[in-house]
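Visitor: Going down the list, the protein sequences come from chains A and B. Residue 173 is where the first sequence starts when you use the numbering used here, and the numbers rise one by one after that. Residue 173 is where the second sequence starts when you use the numbering used here, and the numbers rise one by one after that.
2 protein chains.
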Amino acid sequence: MKKREKVTIYDISKKLNISAATVSRALNDNPKISKKTKELVAKTAAEMNYKQNRLALALKKGRTNNVGIIVPYIDRSFFSSVIRGIEEELTPHGYHVIIAQSHEEVANEMEQINALLNTQIDGIFMSVSKTTQSADHIQKVLDEKVPLVFFDRKIEVKGVSSVVLDDFKGGFMATSHLIREGCKRIAHLSGDVNLEIYRNRYEGYKAALKEHKIPFNPSYVLQTSSKIESGAQAVEDLWQLEEKPDAIFAAGDYAALGAIQELKNRKINIPQEVSVVGFSNEPFTKYLESPMTSVDQTPHLMGKIAAQVFLEQVNESQNYSIEKKVVLDPELFVRDSSNRTTLNLQNAAI
Amino acid sequence: MKKREKVTIYDISKKLNISAATVSRALNDNPKISKKTKELVAKTAAEMNYKQNRLALALKKGRTNNVGIIVPYIDRSFFSSVIRGIEEELTPHGYHVIIAQSHEEVANEMEQINALLNTQIDGIFMSVSKTTQSADHIQKVLDEKVPLVFFDRKIEVKGVSSVVLDDFKGGFMATSHLIREGCKRIAHLSGDVNLEIYRNRYEGYKAALKEHKIPFNPSYVLQTSSKIESGAQAVEDLWQLEEKPDAIFAAGDYAALGAIQELKNRKINIPQEVSVVGFSNEPFTKYLESPMTSVDQTPHLMGKIAAQVFLEQVNESQNYSIEKKVVLDPELFVRDSSNRTTLNLQNAAI
DNA sequence: TTGTAAGCGTTATCAT
DNA sequence: ATGATAACGCTTACAA
């Protein structure tokens with residue numbers, strides 16, 4: 173492949189018989205440069221098809237205007253929406269977004285962090301993997317004084333900002349909704365307890381029961397993975413019980429879908445006999461034959477706010493340890509799978 | 173924010189009283205460096221928490237090991253899957269992936285291209301926007317001798333490699349399948365004709381009709397957008413006709429879903445009275461009450477192959493104009509929405 | 001085997 | 001208003 177030849181400010185300076193410094197200043201609209209030279213330089217640069225080499229700029233300035241995003245998988249609806257939010261907020265500020273996947277493995281997470289630090293990114297956005305327990309690898313980021321923002325899945329690290337959903341509230345809303353619909357024996361399909369988000373959804377569930385004076389029954393709580401089969405299995409297990417549940421609040425939409433499928437297998441009426449609520453508001457939930465009620469995590473907004481938090485952090489020049497914790501409100505989309513009473517007109521539209 | 177201090181090879185060289193060049197060589201495992209020095213340098217580097225500045229390396233070498241990907245929207249299931257494929261193929265080779273969105277606007281596409289070229293990416297992957305007509309902005313990429321690979325949506329540019337689906341075949345397979353299921357009056361909901369992919373699906377549809385000696389009826393072809401309402405509207409229009417269709421092949425899953433919804437409104441039996449086939453195999457299609465038949469575009473594979481094409485291109489050092497056109501085979505997932513005869517066991521599993 | 005010095009393309013400091 | 005020069009952190013001839 174032929175070496176690609178780049179036009180530099182030196183080429184322009186030679187052609188115009190002026191110094192490279194002048195060209196640089198003219199290009200940067202420095203007030204000390206005469207209008208005439210500026211125009212001349214601009215014109216010549218365009219003619220020669222000059223393009224600024226942002227690499228050299230980055231080396232000089234010590235910042236690349238690149239940020240890294242580390243997520244478990246980029247093709248999950250939730251994560252790709254967050255990424256989109258970040259991209260859209262940051263692009264107008266001249267930043268570029270580098271993405272990396274952890275595949276839910278803390279080892280990959282470490283590698284990706286190192287690789288990103290090597291490329292001199294100006295910041296890192298990250299949603300930790302399921303297997304992340306300690307904060308050792310996170311500490312390296314802080315040591316380098318690279319701004320870090322957690323979103324959705326975080327671990328507690330002093331001095332690190334985060335933007336997360338109020339998962340407690342989400343669990344509380346979902347459960348309260350079921351109670352309002354008349355459900356009394358509400359089961360909970362919880363997620364991986366290693367992740368704070370699932371613990372919080374569970375706590376929200378318990379709090380709602382308590383507030384409505386409904387006794388908490390531990391045998392109604394099963395841990396599931398975010399797989400359809402896992403949700404179906406949970407129903408099988410629950411239906412071994414003497415007292416069957418009359419509602420299921422799943423901490424994830426896939427588990428909820430599996431539950432629905434197994435309930436239908438058993439000819440159980442949804443929502444009349446058993447109501448179901450999921451979590452995440454995955455796109456598929458609203459396209460089901462009887463659409464599923466689910467808690468929306470506002471991922472696009474989460475991305476945008478995470479980006480804003482980063483921008484604030486970068487612009488604060490003095491104190492080097494601002495920590496901002498943003499907690500977003502979840503939104504409950506009530507659909508057929510839990511709607512025993514009236515049709516919620518507000519959310520009936522797609 | 174405190175200026176972050178970086179450890180350079182000079183810091184190491186001072187501490188060890190050797191030259192920076194030796195440090196550099198030792199770090200790069202240069203055979204001319206003694207084992208002893210290498211070990212010493214490695215140890216000291218680790219102690220001092222040295223991290224290579226890949227920016228300086230990039231400036232020196234003229235390559236960043238970053239590639240850019242431009243897609244209409246990153247949070248569309250198809251695109252995020254392709255991106256995932258590219259990322260997974262390229263990460264082991266030390267590349268990082270920068271993503272950018274065009275929002276289906278050619279103007280944004282141009283801006284993103286320029287921005288990416290400025291950051292000195294080593295290659296660009298791109299799926300053109302709906303509004304892209306000419307190749308002027310593409311030519312700039314070629315002028316800079318930056319490897320370019322189109323995926324899925326391409327425009328014809330001499331010397332540019334591409335990885336696309338055989339959309340003709342996809343349309344042909346879908347239509348032939350419907351014919352085999354006994355359908356005689358097959359309607360087609362086509363997509364934006366500005367995009368080659370939709371024209372090809374349409375051509376595949378026509379070819380299948382022809383092969384089976386089924387007369388082509390232009391009033392059975394309607395242009396739709398990739399919206400649910402658009403598919404529903406199409407059914408309304410089609411059902412004005414004297415001779416109603418007995419099958420619908422939609423060039424997109426959302427239009428197909430809209431069609432299904434409207435057919436159900438009209439109490440029309442699917443698939444017995446009208447069979448429906450979509451295109452893209454969006455995740456939601458298999459979770460529908462009666463899952464939808466759809467043509468899969470193997471996006472993850474498409475990403476991986478696009479990445480491989482790029483790698484080949486980079487490694488070819490001599491001729492600077494290898495053009496590779498890869499065409500992937502679509503895969504038909506037969507599900508309930510078109511399955512009049514037997515259950516296809518092979519694809520029955522989720 | 002190791003050291004010296006130039007260079008990648010900018011910008012910033014200090015002169016003029 | 002403009003020019004000369006150093007510096008960002010690294011690699012790589014060329015010397016030694």
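Even glycine gets a Cβ: it sits at the ideal position worked out from N, Cα and C.
Output the boundary residues of the beta strand (DSSP E) element that contains Gly450 of chain A.
Guide: 447 to 452
Visitor: Indicate the three-state DSSP secondary structure (helix, strand or coil) for Ile477 of chain A in the structure shown.
Guide: helix
Visitor: Leaving aside the five residues before and after Ile293 of chain B along the sequence, list all residues of the same chain whose C-beta is less than 6 Å from its C-beta, in chain order.
Guide: Asn238, Val239, Gly240
Visitor: In its own chain, which residues sit with a C-beta less than 8 Å from the C-beta of Asn280 of chain B, not counting the 5 before and 5 after it?
Guide: Within the same chain, Asn280 of chain B has close Cβ partners Gln273, Ser274, Ser301.
Visitor: Would DSSP call Arg371 of chain B helix, strand or coil?
Guide: Note: Arg371 of chain B maps to helix in three-state DSSP.
Visitor: Here's a check: name, in chain order, each residue in its chain whose Cβ is nearer than 6 Å to the Cβ of Gly475 of chain B, leaving out the five neighbours to either side.
Guide: Val254, Gly257, Ile258
Visitor: For Leu413 of chain B, count neighbouring Cβ atoms within 10 angstroms of its own Cβ and tell me buried if that reaches 16, exposed if not.
Guide: exposed
Visitor: Of the residues that make up the stretch 440 to 474 of chain B, which ones have a beta carbon closer than 7 Å to any beta carbon in chain A?
Guide: Pro455, Phe456, Tyr459, Leu460, Glu461
Visitor: Please report how far the alpha carbon of Ser334 of chain A lies from the alpha carbon of Asp183 of chain A, in whole angstroms.
Guide: 46 Å
Visitor: For Arg373 of chain A, count the other beta carbons within 10 Å of its own beta carbon; 16 or more makes it buried, fewer makes it exposed. Which is it?
Guide: buried
Visitor: Please work out which residues of its chain come closer than 7 Å, Cβ to Cβ, to Ala478 of chain B, disregarding the five sequence neighbours upstream and downstream, and give them in chain order.
Guide: Ile258, Phe297, Val321, Phe323, Val335
Visitor: Taking Cβ to Cβ, would you say Glu503 of chain A is nearer than 8 Å to Ile494 of chain A?
Guide: no
Visitor: With a cut-off of 8 Å on the beta carbons, I'd call Ile420 of chain A and Ala380 of chain A a contact; round off their distance for me.
Guide: 14 Å between Cβ atoms; not a contact.
Visitor: Mind checking which residues open and close the alpha helix (DSSP H) that includes Met298 of chain B?
Guide: First-last for Met298 of chain B: 295 to 298, but that is the beta strand (DSSP E), not the alpha helix (DSSP H).
Visitor: Taking Cβ positions, are Met282 of chain B and His309 of chain B nearer each other than 8 Å?
Guide: yes
Visitor: Quick one: is Asn516 of chain A near chain B, going by C-beta distance under 8 Å?
Guide: With a pLDDT of 45 at Asn516 of chain A, under the threshold of 50, the predicted position of this residue should be treated as unreliable, though the coordinate-derived value follows. So, not an interface residue.
Visitor: Near Ser398 of chain B, what residues of its chain come up, given a Cβ to Cβ distance below 7 Å and the 5 sequence neighbours on each side ignored?
Guide: Gly363, Gly424, Tyr426, Ala427
Visitor: Pick out whichever of A:Gln433, A:Phe482, A:Glu454, A:Asn389 has its Cα sitting closest to the Cα of Gln405 of chain A.
Guide: A:Gln433
Visitor: How long is the line joining the alpha carbons of Gly266 of chain B and Ala218 of chain A, rounded to whole angstroms?
Guide: 34 Å
Visitor: Using only CA atoms, which one of A:Thr236, A:Thr303, A:Ala198, A:Asp339 lies nearest to Gly450 of chain A?
Guide: Here the closest residue by C-alpha is A:Asp339.
Visitor: Given that Tyr245 of chain B touches chain A, what residues does it touch there, using C-beta distances under 8 Å?
Guide: One finds Arg256 in chain A with Cβ atoms closer than 8 Å to the Cβ of Tyr245 of chain B, taken in chain order.
Visitor: Give me, in chain order, the residues of the same chain whose beta-carbon lies closer than 6 Å to that of Ile400 of chain B; leave out the 5 immediate sequence neighbours on both sides.
Guide: Tyr426, Leu429, Gly430
Visitor: Using a Cβ-Cβ cutoff of less than 7 Å, which residues in the same chain neighbour Ser402 of chain A once the five nearest sequence positions on both sides are dropped?
Guide: Thr396, Ala427, Gly430
Visitor: Listing by chain order, which chain B residues have their CB less than 7 Å from the CB of Ile271 of chain A?
Guide: Glu259, Val269, Ile271
Visitor: Within 10 angstroms of its Cβ, does Ser509 of chain A collect 16 or more other Cβ (buried), or is it exposed?
Guide: buried
Visitor: From the DSSP output, read off the bridge partner residues of Lys497 of chain B.
Guide: B:Ser334
Visitor: Chain A beta carbons: is any one of them nearer than 8 Å to that of Ile522 of chain B?
Guide: Bear in mind that a pLDDT of 38 at Ile522 of chain B, under 50, signals an unreliable position, so the model cannot answer this.
Visitor: Apply the 10 Å Cβ neighbour rule to Glu454 of chain B and answer buried if 16 or more other Cβ atoms are within range, or exposed otherwise.
Guide: buried
Visitor: Which of helix, strand or coil does DSSP assign to Asp418 of chain B?
Guide: coil
Visitor: Any C-beta of chain A sitting closer than 8 Å to the C-beta of Ala230 of chain B?
Guide: So, interface residue.
Visitor: I need the DSSP call for Asn487 of chain A, collapsed to helix, strand or coil.
Guide: helix
Visitor: Mind listing the chain A neighbours of Gln292 of chain B? Cutoff is C-beta to C-beta under 8 Å, in chain order.
Guide: Asn225, Arg226, Leu227
Visitor: Helix, strand or coil for Asn238 of chain A, going by three-state DSSP, please let me know.
Guide: strand
Visitor: For Gly295 of chain B, which residues in the same chain have their Cβ closer than 8 Å to its Cβ, ignoring the five residues on either side in sequence?
Guide: Val239, Gly240, Val318, Pro319, Leu320, Val321, Phe482, Gln485, Val486
Visitor: By how many angstroms is the C-alpha of Leu227 of chain B removed from the C-alpha of Ala230 of chain A?
Guide: 8 Å
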